[in-house]
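Enquirer: If you read the sequences in order, they're chains A, B and C. Quick note on my numbering: the first sequence kicks off at 1 and runs consecutively. Quick note on my numbering: the second sequence kicks off at 167 and runs consecutively. Quick note on my numbering: the third sequence kicks off at 333 and runs consecutively. Idealized CB from N, CA, C, for every residue including glycine. Nothing here was measured: the structure is a model prediction, and the numbers come from that model. Please see the structure below; I have some questions.
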Amino acid sequence: MSSFSDSPANEAPFRVIEDCRFGEDVVVRQFANLYGCEVGGGTRIGSFVEIQAEALIGRRCKIQSHAFICAGVTIGDGVFVGHGVIFVNDKRPRATAGDGGLAKPEDWELLPISIGDEATIGSAAVILGGVEIGAGAMIGAGAVVSKDVPEGATVVGIPARARDQQ
Amino acid sequence: MSSFSDSPANEAPFRVIEDCRFGEDVVVRQFANLYGCEVGGGTRIGSFVEIQAEALIGRRCKIQSHAFICAGVTIGDGVFVGHGVIFVNDKRPRATAGDGGLAKPEDWELLPISIGDEATIGSAAVILGGVEIGAGAMIGAGAVVSKDVPEGATVVGIPARARDQQ
Amino acid sequence: MSSFSDSPANEAPFRVIEDCRFGEDVVVRQFANLYGCEVGGGTRIGSFVEIQAEALIGRRCKIQSHAFICAGVTIGDGVFVGHGVIFVNDKRPRATAGDGGLAKPEDWELLPISIGDEATIGSAAVILGGVEIGAGAMIGAGAVVSKDVPEGATVVGIPARARDQQ
Numbered sequence: 001m002s003s004f005s006d007s008p009a010n011e012a013p014f015r016v017i018e019d020c021r022f023g024e025d026v027v028v029r030q031f032a033n034l035y036g037c038e039v040g041g042g043t044r045i046g047s048f049v050e051i052q053a054e055a056l057i058g059r060r061c062k063i064q065s066h067a068f069i070c071a072g073v074t075i076g077d078g079v080f081v082g083h084g085v086i087f088v089n090d091k092r093p094r095a096t097a098g099d100g101g102l103a104k105p106e107d108w109e110l111l112p113i114s115i116g117d118e119a120t121i122g123s124a125a126v127i128l129g130g131v132e133i134g135a136g137a138m139i140g141a142g143a144v145v146s147k148d149v150p151e152g153a154t155v156v157g158i159p160a161r162a163r164d165q166q
Numbered sequence: 167m168s169s170f171s172d173s174p175a176n177e178a179p180f181r182v183i184e185d186c187r188f189g190e191d192v193v194v195r196q197f198a199n200l201y202g203c204e205v206g207g208g209t210r211i212g213s214f215v216e217i218q219a220e221a222l223i224g225r226r227c228k229i230q231s232h233a234f235i236c237a238g239v240t241i242g243d244g245v246f247v248g249h250g251v252i253f254v255n256d257k258r259p260r261a262t263a264g265d266g267g268l269a270k271p272e273d274w275e276l277l278p279i280s281i282g283d284e285a286t287i288g289s290a291a292v293i294l295g296g297v298e299i300g301a302g303a304m305i306g307a308g309a310v311v312s313k314d315v316p317e318g319a320t321v322v323g324i325p326a327r328a329r330d331q332q
Numbered sequence: 333m334s335s336f337s338d339s340p341a342n343e344a345p346f347r348v349i350e351d352c353r354f355g356e357d358v359v360v361r362q363f364a365n366l367y368g369c370e371v372g373g374g375t376r377i378g379s380f381v382e383i384q385a386e387a388l389i390g391r392r393c394k395i396q397s398h399a400f401i402c403a404g405v406t407i408g409d410g411v412f413v414g415h416g417v418i419f420v421n422d423k424r425p426r427a428t429a430g431d432g433g434l435a436k437p438e439d440w441e442l443l444p445i446s447i448g449d450e451a452t453i454g455s456a457a458v459i460l461g462g463v464e465i466g467a468g469a470m471i472g473a474g475a476v477v478s479k480d481v482p483e484g485a486t487v488v489g490i491p492a493r494a495r496d497q498q
């Protein structure tokens, strides 16, 4: 049975951690900004990372510096999320709603994203809302992923395609 | 008449805010780094955002985490600036000037950028110096925008082109 | 002869600087995260920058905000590293090793990167492991550089190619 705690295993300066659940031996570096998320045991989270409420991160993942993980993202076990990776959960984001006020959560549809176990997301990749990435898949650095990626596949480029289709 | 203040409406830890002007009800999250800029009423600014001196941000905008907004950028009202968006104000940046010393402001030409009202800049997009983006335009996630974008147009890719030209 | 110190020339809040060596007149902005690196005299390092152990930065460089410089990167003198530039030192990163535990340094091969004097890396570019960029070269904003770039050449796009080959 795994047990959860409201703080990571290490100490570091300049962190904001609010209402999160951490498995055992989680390491969160300085300048991390986490709120409302759940992080599995053994995972390491780098500096300048933001993880939003209702994101779920598995066990033994590496979430590298400058990554942004939004609400609606579910990440399996053993996943590598490279530096500066950005997840997007809204197809046509707008700052304001029809009434001219700021857009509120009920003004848009959250598009979930799931990342299978042992997948790798290369640095600076962008994963668009609604995408499923299969277990063991590898996403090239700088790719923009707009479609599902099968288990074990490697995709690169903008938009991301299987390497041999390029 | 709008009134301005030298601090945002909310409190947050780990912020640097120097010589800025804020309209009413501006929210600035932790780990923001703002200096010398003006931000219109109702706008929300995320974590790990840097906004440089002489940038102008309109009212009711959303400036998402990890965005970088440089000097010379003027953003209208109701604009969505996605996570990790980067503005560039120099066509051929160099670290040093001809004399071997560090380049100083007078060693390069600042290329202004303007973003029309209600436009959306997708996450991780890069907007190059000298570009005008029209009102209501939508820039795809990860695009590199090197030319003007007309009002209401949608552009994607590197370099960014109208969707139906891809 | 140059002399080194364990702190930069300026003061700033919210910095983490551990086991670094700085030449004279180095400026490091707030929200920087540096450990185990060496930075030459006169270089300026922006906010939200992370520089890892065993990275070497030359003299009179500009390392702009949100850049990530990893172990194995050697940067010459007078180099411009744009905002959000990311270096990668591992061709096929994985979170875990064959035994299911977190990958450790000995589980992967570090691919070094070298950047020649007076080169410019445009904002949001990604430089892959094993690449050499020649002196005076210019890398376009948003490019993903997967091959060596000759001295003085300009490359753009994903993957980066000489401008006239696009």
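From residue 360 of chain C to residue 33 of chain A, what distance separates their C-alpha atoms?
Expert: Residue 360 of chain C and residue 33 of chain A: Cα-Cα distance of roughly 22 angstroms.
Enquirer: Would residue 296 of chain B and residue 322 of chain B be called neighbours here (beta carbons separated by less than 8 angstroms)?
Expert: Contact flag unset, no.
Enquirer: Taking three-plus beta-carbon pairs below 8 angstroms as touching, is the segment 228-242 of chain B in contact with the segment 338-354 of chain C?
Expert: Flag = no, the segment 228-242 of chain B and the segment 338-354 of chain C do not touch.
Enquirer: At the 8 angstroms Cβ level, is residue 316 of chain B part of the contact set with chain C, yes or no?
Expert: By this cut-off, residue 316 of chain B is not an interface position.
Enquirer: If I measure Cβ to Cβ from residue 153 of chain A and keep anything under 8 angstroms in the same chain, skipping five residues before and after, which residues do I get?
Expert: 134, 137, 138, 162, listed in sequence order.
Enquirer: Does any C-beta atom of chain A lie closer than 8 angstroms to the C-beta of residue 416 of chain C?
Expert: Yes, residue 416 of chain C lies at the interface with chain A (some Cβ there is under 8 angstroms from its Cβ).
Enquirer: Cβ closer than 8 angstroms: which chain B residues qualify as neighbours of residue 452 of chain C?
Expert: Result: 258, 259, 260, 261.
Enquirer: Specify, as a first and last residue, the run of the beta strand (DSSP E) that residue 47 of chain A falls within.
Expert: Where residue 47 of chain A is concerned, there is no enclosing beta strand (DSSP E), given that its DSSP letter is neither H nor E.
Enquirer: Using beta carbons (cut-off 8 angstroms, strictly below), is residue 7 of chain A in contact with chain C?
Expert: By this cut-off, residue 7 of chain A is not an interface position.
Enquirer: Are the segment 91-100 of chain A and the segment 115-122 of chain A touching by the rule of at least three beta carbon pairs closer than 8 angstroms?
Expert: Counting Cβ pairs under 8 angstroms, fewer than three are found: no touch.
Enquirer: Taking a contact to mean a Cβ-Cβ separation below 8 angstroms, would you say residue 452 of chain C touches residue 419 of chain C in this structure?
Expert: No, these two residues do not count as a Cβ contact at 8 angstroms.
Enquirer: Less than 8 angstroms between CB atoms is the rule here; does residue 141 of chain A satisfy it with respect to chain E?
Expert: Judged by its chain identifiers, the structure shown contains no chain E, and its protein chains are A, B and C.
Enquirer: From what residue to what residue does the beta strand (DSSP E) around residue 158 of chain A run?
Expert: From DSSP, residue 158 of chain A is part of no beta strand (DSSP E); its letter is neither H nor E.
Enquirer: Is residue 370 of chain C helix, strand or coil when you go by DSSP?
Expert: Reduced to three states, the DSSP call for residue 370 of chain C is strand.
Enquirer: Name the chain B residues whose beta carbon is nearer than 9 angstroms to that of residue 11 of chain A?
Expert: The premise fails here: residue 11 of chain A is roughly 16 angstroms from chain B at the closest Cβ pair, so nothing lies under 9 angstroms.
Enquirer: Compare the C-beta of residue 268 of chain B against all C-beta atoms of chain C and say whether one is closer than 8 angstroms.
Expert: Yes, contact with chain C.
Enquirer: Counting only beta-carbon atoms, is residue 61 of chain A nearer than 8 angstroms to chain C?
Expert: Interface residue, yes.
Enquirer: Give me the chain A residues within the contact set of residue 245 of chain B, using Cβ-Cβ distance strictly less than 8 angstroms, ordered along the chain.
Expert: By Cβ distance, chain A contributes 95.
Enquirer: Alpha carbon to alpha carbon, what distance is there between residue 271 of chain B and residue 184 of chain B?
Expert: Roughly 20 angstroms separates the two Cα atoms.
Enquirer: What are the partner residues of residue 280 of chain B, as DSSP defines its beta bridges?
Expert: The partner list for residue 280 of chain B (beta bridge, DSSP) reads B/240, B/298.
Enquirer: What does the alpha-carbon distance come out to for the pair residue 44 of chain A and residue 405 of chain C?
Expert: When rounded, the distance between both Cα atoms is 23 angstroms.
Enquirer: For residue 291 of chain B, which residues of its own chain have a beta-carbon under 6 angstroms away from its beta-carbon, when the five flanking residues on both sides are left out?
Expert: Excluding sequence neighbours, residue 291 of chain B sits near 251, 305, 309.
Enquirer: Cβ closer than 8 angstroms: which chain B residues qualify as neighbours of residue 158 of chain A?
Expert: In chain order: 308, 323, 324.
Enquirer: Listed in chain order, which residues of the segment 37-50 of chain A have Cβ atoms closer than 9 angstroms to some Cβ of chain C?
Expert: If the cut-off is 9 angstroms between Cβ atoms, the segment 37-50 of chain A has 42, 43, 44, 46, 47, 48 near chain C.
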